[in-house]
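Converting from the sequence shown to my numbering requires adding 4 to each position, the first position being numbered 1.
Structure first, commentary second.
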Amino acid sequence: MKFKSKLLSASLLCAFAATSFVASAQTLRVANQGDSLSMDPHSLNESLQLSVTGNAYEGLVIRNKDLSLAPGLATSWKQTSPTVWRFELRKGVQFHDGTPFTADDVVFSFNRTQADGSDMKSYTNDFKEVRKINDHVVEIETKTPFPILPDVISLVYMMSKKWCETNQATRPVDRRKGIENAASFRANGTGPYRVRERQPNVRTTFVRNGTYWGKIEGNVQEVIYTPIGNDATRVAALLSGEVDVMEPVPVQDIDRVNGNAGTKVLVGPELRTIFLGMDQKRDELLYSNIKGKNPFKDKRVRQAFYQAIDIDGIKKTVMRGASGPTALLIGPGINGFQQEQNKRLPYDPEAAKKLMAEAGYPNGFEVAMNCPNDRYVNDSRICQAVAANLSRINVKINLQAETKGTYFPKVLRRDTSFYMLGWTPATYDAHNALNALVACVDDKGAGQFNLGAYCNPKVDELTKKIQSETDKTKRNAMIKEAFDIHNADVGHLPLHQQSLAWGTSKKVELVQLADNFMFFKWMTVKK
């Protein structure tokens, strides 16, 4: 179906009509291909969700426009011993309901990240204790030396202990089980914007926090956030002026948006890596025609899949050049990335067929592949291309592409055999990817997003040393060794780093960050 610039679906017209009467130079209308799945900042470790909720909630440490660390709800921090960090808390800060922010909220919030249902366990799994010294000083004691701790906690947002207790929200909601509580639909943070209205998958309205402790550099008083999953409809909304900012701009529409008199596209590199994972733990795959064994336990099968994927073809035909093929789970801009390691195995379908035959699958097999269709740039089309590639080595992919609202709960409970995931290390450091994506899975948060349960004890040993090492040369050598082992194991199938493409009205000034976070406090609507 083709869409003209003035044509929107009836539901979107209703949504925009309901808000058009309040639109002004200080109202910003933002559209995204997906929605934040919850307002609970500890329920899903997904960058879109953390970006949206990060306008209402904050951490002790926050990020500047260049992604460097900045004081947030803590004014300063220091190590008092190799395993203890002391944070001086900002005084005079209030939550949106007027409750003062104190050390009790910090202790509560960090403990909440380790509760059942939390998706943020990997950020705090090496904490031994978080303790209150007084109302405005806390200490975090770690199990081992943790020199990068301030970087690690920048996305751990602080919640009000009192509000959570009053509203029966002391534990995060578990998106894997579909459980909801008051924190799913309401937000009570300390951030620059308050949530005035929340209609999941329809519209979320934010208003400026008049009692915010910090500086709001932009002039936006109100933000109307609307998920628009259909690419053509989202582009039409921008071109017609129904929205002021939207992302992502489909790669095939960048020239069109730039050619429109009132709009432009901001393009930049993104830190996110897109990759594929495989169930390497179960003795029999959940979704395959092979019974009694798991083909993905055989490195030859994993390598065959890798070498059957025409990543340059995907870059050219699916991504239209807006991607950088990768051999690693981290990309340029992430501390520990080393270009000399970033060499993919060659695309070679014939070699892949031989590997499949050697592994005992000369005629291939069937397996289901889980992909989102509204989370990453061209995600479902990438999966379609991968499926076509794998058909050349007699692998039949039963593609299951679905909205991220159902996709993430499914794969995060490991109800998958073969899946796509994208990852931006929240700390901008390789340790984050190693700890969350590669480490052997435990019940403390390590390997929390290692959904295929890849496991190599030597990589785990190195990951723990990387966390504690302060000598940069030694640390980078260990990062290289860990990824060398992971690559030799073909633990995952790395694809590429995608490019950012935000469409904006020419009346809007904003800051585009390489982690794809969108902060309203840096946005201005010009009259």
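Backbone N, C-alpha and C fix where the C-beta goes; we use that ideal spot for every residue, glycine too.
Its Cα nearest to that of THR194, the residue GLY214 stands out among GLY214, GLN203, LYS181, PRO204. For secondary structure counted as the alpha helix (DSSP H) over 4 or more consecutive residues, the segment 34-106 holds these complete runs in sequence order: 51-57. Taking C-beta separations shorter than 7 Å and ignoring five residues to either side along the sequence, the partners of THR103 in its chain run SER164, LYS166, TRP167, following chain order. Judged by beta-carbon spacing, VAL399 lies beyond the 8 Å limit of MET250, meaning their Cβ atoms are not closer than that value.
In this model, VAL463 and LYS219 are separated by some 43 Å (Cα to Cα). Sequence-distant Cβ neighbours of GLN225 in its own chain, meaning closer than 6 Å and more than five residues away, are GLN30, ARG212. The three-state reading of DSSP puts GLU370 in strand, counting E and B together. In the structure shown, THR148 falls within a coil segment according to DSSP collapsed to helix, strand and coil. Taking each of PRO149, PRO176, SER158, ALA186 in turn and checking the Cα distance to THR170, the smallest one comes out for ALA186. For SER126, the enclosing alpha helix (DSSP H) stretches over residues 125-128.
The beta-carbon distance between GLN311 and PRO350, rounded to whole angstroms, is 7 Å. This is short enough to meet the 8 Å contact definition. In the three-state scheme derived from DSSP, where H, G and I count as helix and E and B as strand, TYR423 is classed as strand.
The segment 366-375 makes no contact with the segment 485-500; the number of CB pairs closer than 8 Å stays below 3. In the three-state reduction of the DSSP assignment, ASP433 falls in the strand class.
Here SER126 is not near THR428, since their CB atoms are 8 Å or more apart. For GLU184, DSSP assigns no beta-bridge partner whatsoever. In the structure shown, ARG135 falls within a strand segment according to DSSP collapsed to helix, strand and coil. Under DSSP, LEU32 takes part in a beta bridge, and its partners are VAL227.
By the CB criterion at 8 Å, ALA434 and ASN339 fall inside the cutoff.
The segment 105-125 and the segment 81-96 touch, with three or more beta-carbon pairs separated by less than 8 Å.
Within the model, the alpha-carbon separation for PHE422 versus LEU48 is close to 21 Å. If you look at GLN311, you'll find it in the alpha helix (DSSP H) that goes 303-312. Sequence-distant partners of ARG238 (beyond 5 residues in either direction) whose C-beta falls short of 7 Å from its own C-beta, in its chain, are ALA35, GLN37, ILE232, MET250. Between the segment 384-391 and the segment 254-271 there are fewer than three C-beta pairs closer than 8 Å, too few to call the two in contact. Between MET482 and LEU466, the alpha-carbon positions lie close to 6 Å from each other. Comparing alpha carbon positions, the residue from GLY281, GLN98, LYS347, ASN115 closest to GLY426 is GLY281. In the DSSP assignment, TRP167 falls within the unbroken alpha helix (DSSP H) covering 165-170. As the crow flies, the alpha-carbon of VAL177 is around 12 Å from that of GLN118.
Rounded to the nearest whole angstrom, the C-alpha separation of GLY449 and HIS46 is 13 Å.
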